[in-house]
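Peer 1: Last residue of the sequence shown: number 714 in this note's numbering, and the count goes up by one each step with no gaps. My questions will all concern the structure given below.
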Amino acid sequence: MRKPFDETTGLNSLDLPGRPEETRVVVAMSGGVDSSVTAALLKEQGYDVVGITLQLYDHGEAVKRKGACCAGQDIHDARRVAELIGIPHYVLDYEERFRRSVMEDFASSYAAGETPIPCVRCNERVKFRDMLETARDLGAAALATGHYITSRQGPNGRELHRPADLDRDQSYFLFTTTREQLEFLRFPLGDLTKPETRALAERMSLPVAQKPDSQDICFVPAGRYTTIIERLKPGSGEEGDIVDLEGRVLGRHKGIINYTIGQRRGLGLGASEPEAQPLFVVKLDPARRQVIVGPKSALETKRLILREVNWLGDGAFEALPAEGIDIMVRVRSSGGTAPARLRPLAKGAEVIFAEGQDGVAPGQACVFYDSVEPSRVLGGGFIAEALRQGAEPGGDARVMAAQ
Numbered sequence: 312m313r314k315p316f317d318e319t320t321g322l323n324s325l326d327l328p329g330r331p332e333e334t335r336v337v338v339a340m341s342g343g344v345d346s347s348v349t350a351a352l353l354k355e356q357g358y359d360v361v362g363i364t365l366q367l368y369d370h371g372e373a374v375k376r377k378g379a380c381c382a383g384q385d386i387h388d389a390r391r392v393a394e395l396i397g398i399p400h401y402v403l404d405y406e407e408r409f410r411r412s413v414m415e416d417f418a419s420s421y422a423a424g425e426t427p428i429p430c431v432r433c434n435e436r437v438k439f440r441d442m443l444e445t446a447r448d449l450g451a452a453a454l455a456t457g458h459y460i461t462s463r464q465g466p467n468g469r470e471l472h473r474p475a476d477l478d479r480d481q482s483y484f485l486f487t488t489t490r491e492q493l494e495f496l497r498f499p500l501g502d503l504t505k506p507e508t509r510a511l512a513e514r515m516s517l518p519v520a521q522k523p524d525s526q527d528i529c530f531v532p533a534g535r536y537t538t539i540i541e542r543l544k545p546g547s548g549e550e551g552d553i554v555d556l557e558g559r560v561l562g563r564h565k566g567i568i569n570y571t572i573g574q575r576r577g578l579g580l581g582a583s584e585p586e587a588q589p590l591f592v593v594k595l596d597p598a599r600r601q602v603i604v605g606p607k608s609a610l611e612t613k614r615l616i617l618r619e620v621n622w623l624g625d626g627a628f629e630a631l632p633a634e635g636i637d638i639m640v641r642v643r644s645s646g647g648t649a650p651a652r653l654r655p656l657a658k659g660a661e662v663i664f665a666e667g668q669d670g671v672a673p674g675q676a677c678v679f680y681d682s683v684e685p686s687r688v689l690g691g692g693f694i695a696e697a698l699r700q701g702a703e704p705g706g707d708a709r710v711m712a713a714q
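Dropping the structure here:
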């Protein structure tokens with residue numbers, strides 16, 4: 312972080328006018344090391360810090376969980392850190408909002424044959440919407456989080472940029488952040504690496520300094536997401552046929568919610584011939600309760616149709632040229648970026664890859680980055696359809712993509 316206050320500009324280290332002691336900042340404290348260091352750093356710099364932790368799902372179940380954010384132990388850890396650094400701390404019960412906005416969306420998306428990203432929905436619909444309004448109600452000038460991302464002032468307002476530690480880059484999960492939210496949000500860890508964050512936690516004697524990072528989806532016990540889906544969407548685990556691209560039945564499955572695009576293992580299909588090609592899941596058809604499989608070549612995607620596009624670039628998205636613009640895109644949280652062309656549509660957007668991409672799944676995100684300034688996040692959208700070159704949107708597009 313920069314020095315606490317710049318006498319020349321009159322701005323503090325959060326790019327806000329006024330000295331730190333005159334500036335109230337609410338910190339979203341999940342109980343992990345990142346948000347704890349964020350709160351401690353801001354307190355150390357003299358800010359008027361208030362910590363907020365969200366209780367997002369059943370507390371009785373959460374107490375038994377380890378390694379997932381917003382669980383009972385994490386709430387306890389956040390409270391301990393707040394007490395240690397001397398800031399007020401509040402726990403807000405957001406269980407019902409979280410269930411409606413995140414859990415039910417997750418289950419519906421899976422039942423529809425998609426591969427959803429609940430962490431994106433949580434940021435979009437709970438943390439950066441409801442919590443942000445709570446921060447405003449508390450008289451805060453900003454809401455700070457422990458995400459590894461950064462924002463900076465640009466010629467047309469604040470811009471979202473990838474962090475210094477690209478191994479921890481969380482831009483894929485934050486692409487739905489709006490311009491208005493960016494003006495209020497701050498990410499103090501954006502210029503730090505994870506080892507540097509842990510070193511700061513050790514220096515400050517924070518009890519979570521060596522706490523492991525959360526790994527699971529917070530509301531999915533032991534990674535068994537199908538249990539949650541079947542509870543929220545009864546009947547979504549019904550059995551059906553596994554078929555090839557020509558519609559020939561090859562076997563049975565125990566519910567499409569147990570499969571994802573690109574999956575090879577666990578299909579229960581023996582090779583029909585000694586030299587037969589390995590088979591992969593290329594489509595999920597909930598209407599017919601079918602899992603469609605094909606060779607690896609059938610997974611190659613040349614074009615995407617996106618819905619719910621959020622644009623953080625300069626100007627209005629609708630004002631982009633009809634022929635589109637060159638950008639870099641990312642279609643999975645753990646993958647790198649790839650060159651593509653982005654075209655606005657009447658509803659949503661089209662992305663055309665320079666080179667085909669494998670295993671792209673509807674429901675996942677396609678995040679945009681500037682081709683000239685690759686650190687800048689330009690927004691993104693959710694994948695509605697994945698098509699091969701020559702296939703047209705609509706109809707049975709994902710099957711068309713495999714033929």
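Idealized CB from N, CA, C, for every residue including glycine.
#1: I'd like to confirm the pairing. Which residues does DSSP put opposite A339 in its beta bridges?
#2: Do T349 and L500 have their C-beta atoms closer together than 9 Å?
#3: If you reduce the DSSP assignment to three classes, tell me which class A351 lands in.
#4: Could you work out which residue in H400, Y421, S346 is closest to D596 when comparing CA atoms only?
#5: Here's the rule I'm using: 16 or more other beta-carbon atoms within 10 Å means buried, otherwise exposed. How should V374 be labelled?
#6: Cutting at 7 Å between CB atoms, please list the residues of its own chain near G413, excluding the five before and the five after it.
#7: Take G566 as the anchor and find which of R497, Y536, S547 has the nearest alpha-carbon.
#8: In the DSSP assignment, find the beta strand (DSSP E) that holds R618 and state where it starts and stops.
#9: Determine the closest residue to Y368 out of I528, R576, L617, V604, with distance taken between C-alpha atoms.
#10: For Q588, count neighbouring Cβ atoms within 10 angstroms of its own Cβ and tell me buried if that reaches 16, exposed if not.
#11: Assuming L353 and A455 make a contact with CB atoms under 8 Å, what is their CB distance in whole Å?
#12: Exposed or buried, what is Q481 when buried is set at 16 or more other beta-carbons lying within 10 Å of its beta-carbon?
#13: Can you list, in chain order, the residues of its chain with a C-beta nearer than 6 Å to that of R390? Leave out the 5 residues immediately preceding and following it.
#14: Taking F530 as the reference, give the member of I539, F484, K522, V554 with the closest Cα.
#15: Between G690, G626, V642, which has its C-alpha nearest P466's C-alpha?
#16: For A265, count the other beta carbons within 10 Å of its own beta carbon; 16 or more makes it buried, fewer makes it exposed. Which is it?
#17: Which residues does DSSP list as the beta-bridge partners of V604?
#18: Once the 5 residues before and after L511 are set aside, which same chain residues still bring their CB inside 6 Å of it?
#19: Any chance the region 680 to 687 sits against the region 636 to 651, with 3 or more Cβ pairs inside 8 Å?
#20: State yes or no: is the C-beta of L615 within less than 9 Å of the C-beta of V593?
#21: Leaving out five residues on either side along the sequence, give the residues of the same chain with a beta carbon under 6 Å from the beta carbon of T426.
#22: Look at the alpha carbon of D448 and the alpha carbon of P328, and state the distance between them as a whole number of angstroms.
#23: Quick one: what's S462 bridged to in DSSP?
#24: Kindly indicate the opening and closing residues of the alpha helix (DSSP H) around C529.
#25: For the alpha helix (DSSP H) that S432 lies in, which residues bound it at each end?
#26: Rounded to whole angstroms, what's the CA-CA distance from D317 to V344? Just pull it up for me.
#27: Would DSSP call V678 helix, strand or coil?
#28: Determine the closest residue to F417 out of R509, E470, L543, A520, with distance taken between C-alpha atoms.
#29: Just the C-alpha distance for A446 and C677, rounded to the nearest angstrom, thanks.
#30: CA-CA distance, D359 and V336?
#31: Go ahead and label A270 buried or exposed: buried means 16 or more other beta carbons lie within 10 angstroms of its beta carbon, across all protein chains shown.
#32: From the DSSP output, in three-state form, read off G383 for me.
#33: Counting C-beta neighbours from all protein chains within 10 Å, is the total for G397 16 or more, i.e. buried, or is it exposed?
#34: Could you tell me the distance, in whole angstroms, from the CA atom of K715 to the CA atom of M340?
Peer 2: Taking the coordinates as given:
#1: Along the sequence shown, one-based indexing puts residue 339 at 28. Looking at the DSSP assignment, A339 forms a beta bridge with I363.
#2: Here the question's residue 349 lines up with position 38 in the sequence shown. Here the question's residue 500 lines up with position 189 in the sequence shown. For T349 and L500, yes; Cβs fall inside 9 Å.
#3: The residue labelled residue 351 in the question sits at position 40 within the sequence shown. Collapsing the DSSP output to three states places A351 in a helix.
#4: The residue labelled residue 596 in the question sits at position 285 within the sequence shown. Distances from the alpha-carbon of D596 to those of H400, Y421, S346 put Y421 closest.
#5: Here residue 374 corresponds to residue number 63 of the sequence shown, with the count starting at 1. Residue confidence is low: V374 scores 40 on pLDDT, short of 50, so the model does not pin down where it sits. Its coordinate-derived value is still stated next. That one is exposed.
#6: In the sequence shown, the residue the question calls residue 413 occupies position 102. A quick correction: the sequence has Val, not Gly, at residue 413. Excluding residues within five positions, the ones whose Cβ falls inside 7 Å are P429, R432, C433, R436, V437.
#7: Within the sequence shown, residue 566 is the residue found at index 255, counting from 1. Closest by alpha carbon: S547.
#8: Translated into positions along the sequence shown, residue 618 becomes position 307. For R618, the enclosing beta strand (DSSP E) has its first and last residue at 612 to 622.
#9: Here residue 368 refers to the residue found at position 57 when the sequence shown is read from its first residue. Among I528, R576, L617, V604, the Cα nearest to that of Y368 is on I528.
#10: Working through the sequence shown from its first residue, we reach residue 588 at position 277. Here Q588 is exposed: its Cβ has fewer than 16 other Cβ atoms, across all protein chains shown, within 10 Å.
#11: Working through the sequence shown from its first residue, we reach residue 353 at position 42. Working through the sequence shown from its first residue, we reach residue 455 at position 144. Right, their Cβ atoms sit about 6 Å apart.
#12: Against the sequence shown, residue 481 aligns to sequence position 170. Residue environment: Q481 is assigned as buried (16 or more neighbouring CB atoms within 10 Å of its CB, all protein chains considered).
#13: Mapped onto the sequence shown, residue 390 falls at position 79. Once the five neighbours on either side are set aside, the close Cβ partners of R390 are H400.
#14: Position 219 of the sequence shown, counted from the start, is the residue given in the question as residue 530. Looking at the Cα atoms, I539 is the closest of the given residues.
#15: Position 155 of the sequence shown holds residue 466. It is G626.
#16: Residue 265 is absent from the structure shown; the chain starts at 312 and stops at 714.
#17: Position 293 of the sequence shown, counting from 1, holds the residue named residue 604. For V604, which the question treats as bridged, DSSP gives the partners V592.
#18: Taking the first residue of the sequence shown as position 1, residue 511 is located at position 200. So the qualifying residues of the chain are V348.
#19: A contact exists between the region 680 to 687 and the region 636 to 651.
#20: Position 304 of the sequence shown, counted from the start, is the residue given in the question as residue 615. Position 282 of the sequence shown, counted from the start, is the residue given in the question as residue 593. At a Cβ-Cβ threshold of 9 Å, L615 and V593 do not count as neighbours.
#21: In the sequence shown, residue 426 corresponds to position 115, counting from 1. Correct list, in chain order: T571, A672, G674, Q675.
#22: Residue 448 sits at position 137 when you count from the first residue of the sequence shown. Residue 328 sits at position 17 when you count from the first residue of the sequence shown. So the two alpha carbons sit approximately 19 Å from each other.
#23: In the sequence shown, residue 462 corresponds to position 151, counting from 1. The partner list for S462 (beta bridge, DSSP) reads L471.
#24: Taking the first residue of the sequence shown as 1, we reach residue 529 at position 218. Neither: C529 is in no alpha helix (DSSP H) and is coded neither H nor E.
#25: Residue numbering aside, residue 432 sits at position 121 when the sequence shown is read from its first letter. Sequence check: residue 432 is Arg here, not Ser. Unbroken alpha helix (DSSP H) run through R432: 429 to 433.
#26: Position 6 of the sequence shown holds residue 317. Position 33 of the sequence shown holds residue 344. Distance between the alpha carbons of D317 and V344 is about 28 Å.
#27: As a working note, residue 678 is residue 367 in the sequence shown. In the displayed model, V678 falls within a strand according to three-state DSSP.
#28: As a first step, residue 417 is located in the sequence shown; it is residue number 106 there, counting from the start. Among R509, E470, L543, A520, the Cα nearest to that of F417 is on L543.
#29: Locating residue 446 in the sequence shown gives position 135, counting from the first residue. Locating residue 677 in the sequence shown gives position 366, counting from the first residue. Rounded to whole angstroms, the gap between the alpha carbons of A446 and C677 is 30 Å.
#30: By 1-based counting over the sequence shown, the position of residue 359 is 48. By 1-based counting over the sequence shown, the position of residue 336 is 25. Note on geometry: alpha-carbon atoms of D359 and V336 lie some 6 Å from one another.
#31: Past the boundaries of the shown model lies residue 270; the chain is included only from 312 to 714, so the question cannot be answered.
#32: Residue mapping note: residue 383 aligns to position 72 of the sequence shown, counting from 1. Looking at G383 - three-state DSSP - the assignment turns out to be helix.
#33: Indexing the sequence shown from 1 puts residue 397 at position 86. It counts as exposed.
#34: As shown, the chain starts at 312 and ends at 714. That puts residue 715 outside it, with no answer to give.
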